[in-house]
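Numbering (my numbering), first residue to last: 72 to 567.
This report concerns only the one structure given below.
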Ligand SMILES: Cc1cc2nc3c(=O)[nH]c(=O)nc-3n(C[C@H](O)[C@H](O)[C@H](O)COP(=O)(O)O)c2cc1C
């Protein structure tokens, strides 16, 4: 919705002929990027949450810097923001070495050309790409105005420029004093017609942790016994495989958690309703004491339940923390929608504020519930954990949540109680498993991960636990993924 609105606004602006400069003076007018991000004269408004980490602010008169900025925004999911001068630069103004306006401004240390628009929610951005053309070896003075207009403390600024031939030179270093509390990364110059691949490579080399595609897990970096992580919109990383603990209790539960941690599993999923938080906490503390893991290495999810728990959320959340007794909780979910779900989530937001919970999410949430919910809360959910398996693939819900920047996670990845045997013996799955010399369970988990769905298979069998974390030495072909996609029956196995 927001994207469509932004697109309409952008189109209107284009129709009205609004641009930073009234005239183009030639150069490489690579103005044809298809970025639909906000670019609003009065102000850049709140972006979709997936895009909130990265702002790509740029000043451009002849389109060269704009083209590079567009590619950066596309690649990072960042919000594009054009710095628009209050008084547009005419062709004459830009005619350099003629004593025109641009020449005069560049020669005047105090020149600060006024800017017509603002970034209204600068506080939401962590990384700012700042683009400008080189004017007489330096950044145009309007970039100085921009930097003096906001508080950049704690943010990372990545300068980039385009030029006829000059390098970035001292132009980026000379900006540092204008936002000295920011972390400045080394700047980079591009020719105006730089190809997207070079820019992609530069972005990759920067190794920044901006929120990116939450459906594209880096499975190549996983090895058996060590699942890769996905970056959540909360800024924390979550392993893409974990241990589900529904129906595990007492020593069975403790042993499962212990085996999982010893086998390399780093995500443990529990819930207040499972009635096993105490033993899970105990198993984790013991594993920490025995030097098997450190607290920071593991990711623990718990959930509060509808009814009295959500009606008294502060009490219920504190009770989860107390029962687990492992310091903070990595992720807390609302177990199901409920009349008090917004109230309960807001209480979780308070706990997130104080650091006792790191990320927030939802379980058993579907398209019809999510938009209305998001509109009422401040912190975007980082995760939606739903029933997902080969017979209930949620092929509409998964991409919908991904587009919101929400990671999807499957409970019942093997179809759930009473159905596991059928799913693990599905002829298509068995044929694919045989072709790869893997088990049916491994093929199914690999399928979940390759379609960008994290999974929490539950098991108390040490062999199964080890098997389930060993899906990183093979991959399914596109044809196999398609064959599995065809197994979808829209067949839900639980009541939620
Ligand atoms: C006032 C002015 C001064 C310039 N000075 C330089 C310069 O010192 N070195 C250089 O290589 N290009 C210089 N250029 C060229 C621009 O840096 C180059 O065309 C840039 O890509 C334009 O970016 P834009 O299309 O985003 O406005 C200058 C251009 C102008 C208008």
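Glycine residues also receive a C-beta, built at the ideal position from the N, C-alpha and C atoms.
Owing to the predicted nature of the structure, the values given are computational and were not obtained by experimental measurement.
- [ ] Please confirm if the segment 137-155 is in contact with the segment 260-275, defined as three or more CB-CB distances below 8 Å between the two stretches.
- [x] With a cut-off of 8 Å, the segment 260-275 and the segment 137-155 count as touching, because enough Cβ pairs lie within range.
- [ ] Check whether the Cβ atoms of residue 420 and residue 449 sit closer than 7 Å, and answer yes or no.
- [x] Contact flag set, yes.
Task: Simplified DSSP assignment, three categories, for residue 528 - done: In this structure, residue 528 counts as coil in the three-state DSSP scheme.
Task: Contact belief for residue 316 with residue 529 at Cβ below 8 Å, rounded distance in angstroms - done: Confirmed, Cβ separation roughly 6 Å.
Task: Pairwise C-alpha distance: residue 486 and residue 306 - done: Residue 306 and residue 486 have their alpha carbons spaced roughly 31 Å apart.
Open item on the list: Under 8 Å, with one C-beta from each stretch per pair, do the segment 550-562 and the segment 495-509 reach the 3-pair mark?
Closed with: Yes, since at least three Cβ pairs between the segment 550-562 and the segment 495-509 fall closer than 8 Å, the two stretches touch.
Task: Helix, strand or coil at residue 451 [DSSP, three-state] - done: For residue 451, the three-state secondary structure derived from DSSP is coil.
Open item on the list: At a cut-off of 6 Å, would you count residue 564 as near ligand 1, judging by its Cβ distance to the nearest heavy atom?
Closed with: Not one heavy atom of ligand 1 sits closer than 6 Å to the Cβ of residue 564.
Task: Contact under 7 Å by Cβ, residue 544 with residue 295 - done: Yes. Within cutoff.
- [ ] Compare the beta carbon distance of residue 327 and residue 375 with 7 Å and say whether it is the shorter of the two.
- [x] The answer is no: Cβ separation not under 7 Å.
Open item on the list: I want to check one thing, is the minimum distance from the CB of residue 165 to the heavy atoms of ligand 1 below 6 Å?
Closed with: For ligand 1, at least one heavy atom lies less than 6 Å from the Cβ of residue 165.
Open item on the list: Three Cβ pairs or more, each shorter than 8 Å: is that satisfied between the segment 211-226 and the segment 179-190?
Closed with: Judged by pairs of C-beta atoms under 8 Å, the segment 211-226 touches the segment 179-190, as three or more such pairs exist.
Task: Identity of the residues DSSP links to residue 259 by a beta bridge - done: Per DSSP, 231.
Open item on the list: If distances are taken between C-alpha atoms only, which option among 380, 365, 302 comes closest to residue 477?
Closed with: Checking every option, the nearest Cα to that of residue 477 belongs to 302.
Open item on the list: For residue 347, which residues in the same chain have their Cβ closer than 7 Å to its Cβ, ignoring the five residues on either side in sequence?
Closed with: By the criterion of a C-beta distance shorter than 7 Å, residue 347 is surrounded in its chain by 316, 319, 320, 324, 341, once the five residues flanking it on both sides are discounted.
- [ ] Less than 8 Å between the CB atoms is what I'm expecting for residue 517 and residue 547, so what's the real figure, rounded?
- [x] Confirmed, about 6 Å.
Open item on the list: Let me confirm a value: residue 175 is counted as buried when at least 16 other C-beta atoms fall within 10 Å, else exposed. Which label applies?
Closed with: Residue 175 comes out exposed.
Open item on the list: What does the Cβ neighbour count give for residue 272, buried or exposed, with the cut at 16 atoms within 10 Å?
Closed with: An exposed status is given to residue 272, since fewer than 16 other beta-carbon atoms sit within 10 Å of its beta-carbon.
Open item on the list: Here's a check: name, in chain order, each residue in its chain whose Cβ is nearer than 7 Å to the Cβ of residue 299, leaving out the five neighbours to either side.
Closed with: 288, 289, 290, 292, 293, 311.
Open item on the list: If we require 3 or more residues per run, which beta strand (DSSP E) segments fall completely within the segment 465-527?
Closed with: Taking 3 residues as the minimum length, the beta strand (DSSP E) runs contained wholly in the segment 465-527 are 478-482, 524-526, in order along the chain.
Open item on the list: Using only CA atoms, which one of 408, 334, 277, 152 lies nearest to residue 534?
Closed with: From the listed residues 408, 334, 277, 152, the smallest Cα separation to residue 534 is found for 334.
Task: Whole beta strand (DSSP E) elements within the segment 199-252, 3-residue minimum - done: Uninterrupted beta strand (DSSP E) stretches at least 3 residues long and entirely within the segment 199-252 occur at 227-233, given in chain order.
TODO: State yes or no: is the C-beta of residue 199 within less than 7 Å of the C-beta of residue 234?
DONE: No; because the gap between Cβ atoms is not below 7 Å, this pair is not in contact.
Task: Beta-carbon contacts of residue 351 that lie in its chain and below 7 Å, excluding the five residues immediately before and after - done: So the list reads 316, 324, 328, 339, 341, 395, once near-sequence residues are dropped.
Open item on the list: On a Cα-Cα basis, can you pick out the residue from 454, 482, 483 that is closest to residue 471?
Closed with: Checked all of 454, 482, 483; the closest Cα to residue 471 is 454.
Task: 6 Å CB neighbourhood of residue 514 in its chain, flanking five on each side removed - done: Excluding positions up to five away in sequence, the list reads 500, 503, 504.
- [ ] Could you tell me if the beta carbon of residue 258 falls within a distance shorter than 6 Å of some heavy atom in ligand 1?
- [x] No - ligand 1 has no heavy atom lying nearer than 6 Å to the Cβ of residue 258.
TODO: Assign residue 247 to buried or exposed, taking buried as 16 or more other Cβ atoms, counted over all protein chains shown, within 10 Å of its Cβ.
DONE: Answer is exposed; the Cβ neighbour count stays below 16.
- [ ] Measure the beta-carbon distance from residue 404 to residue 372 and round it to whole angstroms, keeping in mind my assumption that it falls under 8 Å.
- [x] Right, their Cβ atoms sit about 6 Å apart.
- [ ] Could you tell me which residues DSSP puts in a beta bridge with residue 25?
- [x] Outside the displayed range of the chain (72 to 567) lies residue 25, so it cannot be described from this structure.
Task: Residue from 451, 229, 414 whose Cα sits closest to the Cα of residue 386 - done: Comparing Cα-Cα distances from residue 386 to each of 451, 229, 414, the minimum goes to 414.
Task: Contained beta strand (DSSP E) runs [length at least 3] in the segment 119-164, N- to C-terminal order - done: Within the segment 119-164, the complete beta strand (DSSP E) runs of at least 3 residues are 125-129, 150-153.
Open item on the list: What would DSSP say about residue 183, mapped onto helix, strand or coil?
Closed with: Correct three-state label for residue 183: coil.
Task: Rounded distance between the beta-carbons of residue 526 and residue 519, thought under 8 Å - done: Right, the Cβ-Cβ distance comes to about 4 Å (below 8 Å), so this counts as a contact.
Open item on the list: Let me check you understand the geometry: is the CB of residue 391 closer than 6 Å to at least one non-hydrogen atom of ligand 1?
Closed with: The answer is no for residue 391.
Open item on the list: Taking its Cβ as the centre, do 16 or more other Cβ atoms sit within 10 Å of residue 72, making it buried, or is it exposed?
Closed with: Low per-residue confidence applies at residue 72: pLDDT is 34, beneath 50, and the placement is therefore not dependable, though the value from the model is reported in the following sentence. So residue 72 counts as exposed.
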